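For reference, the structure discussed in these notes is given below.
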Amino acid sequence: MTSADPDLWVVGDIHGALAKLRVLLRRAGLMDGEGAWTGGRAHLAFLGDYLDRGPDGAGVVRLIRRLEAEARAAGGQVTALLGNHEVMLLAALRFARRDPQDRYGFRDYWVSNGGQPQDAGRLDTAEQTWLAARPALARVGRWLLLHADTSMYLHLGRNVEAVNAHVARLLQSDAPEIWGHFANAFADRLAFVPPGGEQVARQLLTTFGGNRLAHGHTPVSILLDEQGYGPAILPGPGSPVTYAGQLCVAVDSGMAYREEAGFITRLTERGVAEVVGYPGADPPGAGPPG
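Taken in order, the sequence shown gives residues 1 to 290; the numbers are from the UniProt record's numbering.
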């Protein structure tokens with residue numbers, strides 16, 4: 001990415017927090033008060049987990065799909081990656097008729113992880129097909145974008161295109177064991193933290209390209225509170241966490257978990273350039289570029 005490249009904005013796990021997402025996109029200048037795209041040539045990347053836990057996952061999916069089309073018409077781009085919660089929902093829907101007693105446990109697994117039956121009932125066939133077509137990885141300039149902080153992707157292919165093709169095939173399978181294995185592997189996290197996390201991150205970047213990676217999946221509060229990171233890295237849970245030798249940026253704000261949580265992040269080739277927070281919870285700064 002150079003100074004002439006379009007802005008790259010990334011959003012972590014939304015989990016049905018549609019109202020917050022609308023506020024954040026407006027504050028970042030990517031959407032107007034009517035919900036129309038105003039980002040011009042900007043690239044907006046969603047890193048997965050659009051549904052579950054929050055009140056309106058179906059509304060989140062519909063907003064992202066509409067922004068995809070509007071951004072394309074304006075010369076911009078919207079990328080929406082696959083998250084593990086999409087896989088859980090799709091598994092529950094796929095096997096609902098074949099397994100009404102839920103012997104495979106897909107519905108129970110989904111509901112126990114925050115699945116919202118009203119979302120499943122509101123998503124039409126086109127929206128379910130769109131979810132199943134989400135790529136697992138994306139490269140944008142020097143950034144590798146992925147949902148989960150896991151080494152799982154290394155077992156799915158040797159380049160971005162191969163991983164995305166492999167995942168597409170998995171999501172067309174009628175074998176419950178394939179879905180179960182994939183869903184379980186996708187739930188893994190914390191692969192980039194010490195000890196050895198920087199090496200895993202470098203392996204992903206060497207394999208799939210890019211100088212740095214951005215991920216969601218693990219809320220920044222977990223990285224800060226459970227892995228010993230704190231203000232010496234970045235100001236707190238109201239902003240992204242840069243870690244693993246400055247190779248990784250975690251952007252799951254936990255917006256569906258806490259009333260004050262939520263942010264959207266602008267990235268440049270140097271790292272975190274700007275953080276736009278939810279009103280009343282703006283972070284004190286984006287921290288030093290990684």
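Positions of the beta carbon are idealized from the N, C-alpha and C atoms, including for glycine.
Note that the coordinates shown come from a computational prediction; the quantities given were computed from them, not determined experimentally.
(message) Contact defined as beta carbons within less than 8 Å: I believe G210 pairs with R142. What is the distance between those atoms, to the nearest angstrom?
(response) The sequence position of residue 210 within the sequence shown is 210, counting from 1. The sequence position of residue 142 within the sequence shown is 142, counting from 1. That pair is a contact at about 6 Å.
(request) Compute the distance between the beta-carbons of D252 and G12, then report whether it is under 8 Å. (result) Position 252 of the sequence shown holds residue 252. Position 12 of the sequence shown holds residue 12. Taking 8 Å as the Cβ cut-off, D252 and G12 qualify as a contacting pair.
(message) Suppose you measure from the CA of Q172 to the CA of A256; what does that come to, to the nearest Å?
(response) The sequence position of residue 172 within the sequence shown is 172, counting from 1. The sequence position of residue 256 within the sequence shown is 256, counting from 1. Distance between the alpha carbons of Q172 and A256: 30 Å.
(request) Would you list the residues sitting across from G271 in a DSSP beta bridge? (result) Here residue 271 is taken as the residue at index 271 of the sequence shown, counted from 1. Paired residues: T268.
(request) Select from Y109, L90, V111 the residue whose C-alpha is nearest the C-alpha of T125. (result) To locate residue 125, count along the sequence shown from 1; it is residue 125. The shortest Cα separation from T125 among Y109, L90, V111 belongs to L90.
(request) For G35, collect the residues of the same chain with a Cβ closer than 8 Å to its Cβ; drop the 5 residues on either side in sequence, then sort them by chain order. (result) What you label residue 35 is simply residue 35 of the sequence shown in a count that begins at 1. Only R22, L63, R66 meet the Cβ criterion.
(request) Below 7 Å CB to CB, which residues in the same chain sit around A73 once its five sequence neighbours on both sides are set aside? (result) Position 73 of the sequence shown holds residue 73. Excluding residues within five positions, none has a Cβ falling inside 7 Å.
(request) Would you tell me roughly how many angstroms separate the C-alpha atoms of A165 and D149, rounded to the nearest one? (result) Residue 165 sits at position 165 when you count from the first residue of the sequence shown. Residue 149 sits at position 149 when you count from the first residue of the sequence shown. If you take the alpha carbons of A165 and D149, they lie about 20 Å apart.
(message) Please tell me whether A58 and G262 are closer than 8 Å, where the distance is taken between their beta carbons.
(response) On the sequence shown, position 58 is the one that residue 58 refers to. On the sequence shown, position 262 is the one that residue 262 refers to. Not a contact, by the Cβ cut-off of 8 Å.
(request) Grab me the residues of G245's own chain with a C-beta within less than 6 Å of its C-beta, minus the 5 sequence neighbours each way, in chain order. (result) Numbered from its first residue, the sequence shown carries residue 245 at position 245. Excluding sequence neighbours, G245 sits near E198.
(message) I'd like to check one pair, H147 with H217: are the Cβ atoms closer than 8 Å?
(response) Along the sequence shown, read from residue 1 onward, the residue named residue 217 stands at position 217. Along the sequence shown, read from residue 1 onward, the residue named residue 147 stands at position 147. Yes; because the gap between Cβ atoms is below 8 Å, this pair is in contact.
(request) Could you give the DSSP three-state label for G236: helix, strand or coil? (result) Working through the sequence shown from its first residue, we reach residue 236 at position 236. Confidence is the limiting factor: at G236 the pLDDT is only 46, short of 50, which leaves the residue's position unreliable, though a coordinate-based value still follows. If DSSP states are grouped into helix, strand and coil, G236 belongs with coil.
(request) Flag this pair as yes or no: are the beta carbons of W37 and L30 separated by less than 8 Å? (result) What you label residue 37 is simply residue 37 of the sequence shown in a count that begins at 1. What you label residue 30 is simply residue 30 of the sequence shown in a count that begins at 1. Cβ distance < 8 Å, so W37 and L30 count as in contact.
(request) Please work out which residues of its chain come closer than 7 Å, Cβ to Cβ, to G230, disregarding the five sequence neighbours upstream and downstream, and give them in chain order. (result) As a position in the sequence shown, residue 230 is number 230, starting the count at 1. Confidence at G230 is low in this model, with a pLDDT of 47, below 50, so its placement is unreliable and the value that follows should be read with caution. The beta carbon of G230 sits closer than 7 Å to the beta carbons of L224 from its chain, once the five residues preceding and following it are set aside; these are given in chain order.
(request) Identify the continuous alpha helix (DSSP H) that holds R139 and give its terminal residues. (result) Here residue 139 corresponds to residue number 139 of the sequence shown, with the count starting at 1. First-last for R139: 137-140, but that is the beta strand (DSSP E), not the alpha helix (DSSP H).
(request) List the residues that DSSP assigns as beta-bridge partners of G277. (result) Along the sequence shown, one-based indexing puts residue 277 at 277. BP columns for G277 point to F263.
(request) Compare the C-alpha of D119 against each of D102, H85, P100, Y104 and name the closest. (result) The count along the sequence shown starts at 1 and reaches residue 119 at position 119. The residue with the shortest Cα to Cα distance from D119 is H85.
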